[in-house]
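Residue numbers for the sequence shown follow my numbering, beginning at 849 and rising by one. One structure below.
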Amino acid sequence: MPLACLALSEPHGSANFMEAGGPGLKTTAALENGEWIVNGEKIWSTSIAGWNKRGPDLICLVCRDSSVDHAEAKSPAESLLILTVPNNLLNADNFVIRSYPRTAGLTATCGPLVILKDLRIPDRPEYVLARGGQAAVSLLEVSKRGSAVAAAMGLGVLRRAIKEAAAFVSSEKRGGKTNRKVVQTEAAVTMLAQLRMRSAVTEALVNSAATKIDGNDPGAREAALQAKVQASEEAIQCVLEASRLVGVTSYDQNKSILSDLLLDAMGLPLIGGSNTMIRKTLATLAA
Ligand SMILES: Cc1cc2nc3c(=O)[nH]c(=O)nc-3n(C[C@H](O)[C@H](O)[C@H](O)COP(=O)(O)OP(=O)(O)OC[C@H]3O[C@@H](n4cnc5c(N)ncnc54)[C@H](O)[C@@H]3O)c2cc1C
């Protein structure tokens, strides 16, 4: 199965790569004799290792045109360049996987630290996906759609946690005078009802964002960012509450999926720009 990746994030951070007056991205592309020569480091790009550690079928590489001084540029987007790098341009010298972050959750995927050294890409339209303002527009589109996907992941995690808790309380008995099922206690049924309500609120936001994206609604970006913040943070809280409902069994990884879900959920507020930065964007959109 072919793999593609978006390589934007860099080891020393990328939260402010578009900020006017700042240095911009550290990965640079210099145009020489009809070729872009790329040097830099990328990290966290899902699938960048490919299936065999020799890279994916295609990298969408976000970098800085070295001929533009980002700090002095008229617009912060001016230095942006997105190159498409097919696998046949990569080799053991220009594409080196240095290390793999050991992540707490979401372990089915990886985003290793990759060193790009004198990677040569022809300056032809099929390799230059977007430049300047057009590149910024493309990245906003990626952020919008990626946020909706992260929101849907959050919804999936919290629903799974609630399902686990509901199954436990509906089937397990915990002694006492009448040896009733846990769900027959008022505390458990109230907690379960609250979890279902939180799931329904999150689902409404995720559905609304997806519908707005499909309909090219002008409010789609804001809706997607709101859904991402809500769903990713609710996922963590709902997993924690589901584990309180289940009790100590939730702590046993052989018997319950809840602690694994918590580790997955931890990554969700960090994907696609951390929620701290997304809240800043939402404040700008609201102003
Ligand atoms: C599972 C997973 C998959 C990922 N997949 C990809 C991928 O495919 N491609 C890719 O390019 N990246 C990917 N990433 C990286 C992800 O998109 C990060 O969000 C991105 O690297 C930016 O991280 P950051 O927001 O923490 O920024 P950093 O630059 O590391 O900043 C760290 C923190 O400092 C604070 N901060 C920085 N500047 C400001 C400011 N101006 N105001 C207030 N607070 C500030 C914020 O709290 C911020 O979170 C992935 C990450 C994960 C966990």
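From the three backbone atoms N, C-alpha and C, an ideal C-beta is built for every residue, glycine too. Quantities reported herein were computed from a predicted structural model and do not represent experimental measurements.
Three-state secondary structure assigned by DSSP to residue i
i       : result
Gly872  : coil
Glu889  : strand
Leu961  : strand
Ala919  : helix
Leu977  : strand
Ser862  : coil
Ser1098 : helix
Leu938  : coil
Leu954  : coil
Unbroken alpha helix (DSSP H) run spanning residue i, endpoints
i       : result
Glu1034 : 1034-1062
Ala1079 : 1068-1094
Val985  : 980-1019
Arg1127 : 1123-1134
Ala1113 : 1106-1115
Expected contact under 8 Å - CB spacing of residue i and residue j to nearest Å
i       : j       : result
Asn1027 : Ser1080 : Not confirmed; about 40 Å, so no contact.
Lys1078 : Thr1050 : Before going on, a small fix: residue 1078 reads as Gln here, not Lys. Right, the Cβ-Cβ distance comes to about 6 Å (below 8 Å), so this counts as a contact.
Gly1120 : Ala998  : 5 Å
Lys890  : Glu858  : 6 Å
Ala984  : Leu928  : 6 Å
Val933  : Cys911  : Contact doesn't hold; Cβ gap of about 10 Å is too wide.
Asp905  : Asn935  : 5 Å
Ala1068 : Lys1060 : 4 Å
Gly1002 : Leu1116 : 5 Å
Gly888  : Thr875  : 3 Å
Leu937  : Ile969  : 6 Å
Lys1025 : Ser1018 : No, Lys1025 and Ser1018 are not in contact; Cβ-Cβ is about 20 Å, not under 8 Å.
Val990  : Leu854  : 6 Å
Where the beta strand (DSSP E) through residue i begins and ends
i      : result
Leu929 : 928-934
Ile945 : 943-947
Arg912 : 906-913
Leu854 : 852-855
Residues that DSSP places opposite residue i in a beta bridge
i       : result
Glu883  : Glu880, Pro970
Lys1103 : Looking at the DSSP assignment, Lys1103 forms no beta bridge with any residue, so it has no partner.
Lys901  : DSSP, once it has assigned bridges, lists no residue as partnering Lys901.
Lys1029 : Lys1021
Any non-hydrogen atom of ligand 2 closer than 6 Å to residue i Cβ
i      : result
Ala863 : No copy of ligand 2 occurs in the structure displayed; its ligands are ligand 1 alone.
At least 3 beta-carbon pairs within less than 8 Å: the segment 977-993 vs the segment 946-956: Contact between the segment 977-993 and the segment 946-956 is absent: fewer than three C-beta pairs spanning the two stretches fall below 8 Å.
Does the segment 908-926 come within contact of the segment 1007-1017, defined as at least 3 CB pairs closer than 8 Å? no
Check whether the segment 1051-1059 and the segment 962-977 are in contact - that is, three or more C-beta pairs closer than 8 Å. no
Using 8 Å as the threshold, is the segment 1061-1078 in touch with the segment 984-994, meaning 3 or more CB pairs across them? yes
Cβ contact (3+ pairs, closer than 8 Å) linking the segment 1096-1110 and the segment 1039-1050: no
Report yes or no: do the segment 1082-1090 and the segment 1008-1022 share at least 3 C-beta pairs separated by less than 8 Å? yes
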